[in-house]
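Numbering (the UniProt record's numbering), first residue to last: 1 to 82.
Have a look at this one:
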């Protein structure tokens with residue numbers, strides 16, 4: 001079974017705790033909020049900024065949990081060597 005792909009390309013973006021990675025996560029969250037707002041507007045659904053931000057935070061938290069459960073890329077690649 002393959003590991004799932006996440007919205008950001010590398011596991012470190014989700015799990016590293018230094019300022020650079022925190023800024024990346026914040027930018028990613030704002031991107032998700034923007035896309036959700038655009039989709040809701042396109043579908044003529046009322047936009048509620050607080051609701052959208054809360055929901056996108058939940059999505060990011062789920063992605064962080066998934067990233068934490070992923071093996072490192074190196075481990076995954078070496079697992080299939082013979």
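Just so it is clear, CB atoms sit at the ideal spot from N, CA and C, and this is done for glycine as well.
Buried or exposed for residue 101, please, with buried defined as at least 16 other CB atoms from any protein chain shown within 10 angstroms of its CB.
-> Outside the modelled stretch of the chain, which goes from 1 to 82, sits residue 101, for which no answer is possible.
Straight-line gap, residue 9 to residue 28 (C-alpha atoms, nearest Å) | So the alpha carbons of these two residues sit roughly 11 Å apart.
Could you work out which residue in 71, 51, 64 and 50 is closest to residue 22 when comparing CA atoms only?
-> Closest option to residue 22, Cα to Cα, is 64.
In or out: residue 122 buried (at least 16 other Cβ within 10 Å) or exposed?
-> The first residue shown for the chain is 1 and the last is 82, placing residue 122 beyond what the model contains.
Unbroken alpha helix (DSSP H) run spanning residue 57, endpoints | Following the DSSP letters along the chain, one finds residue 57 inside the alpha helix (DSSP H) bounded by residues 49-69.
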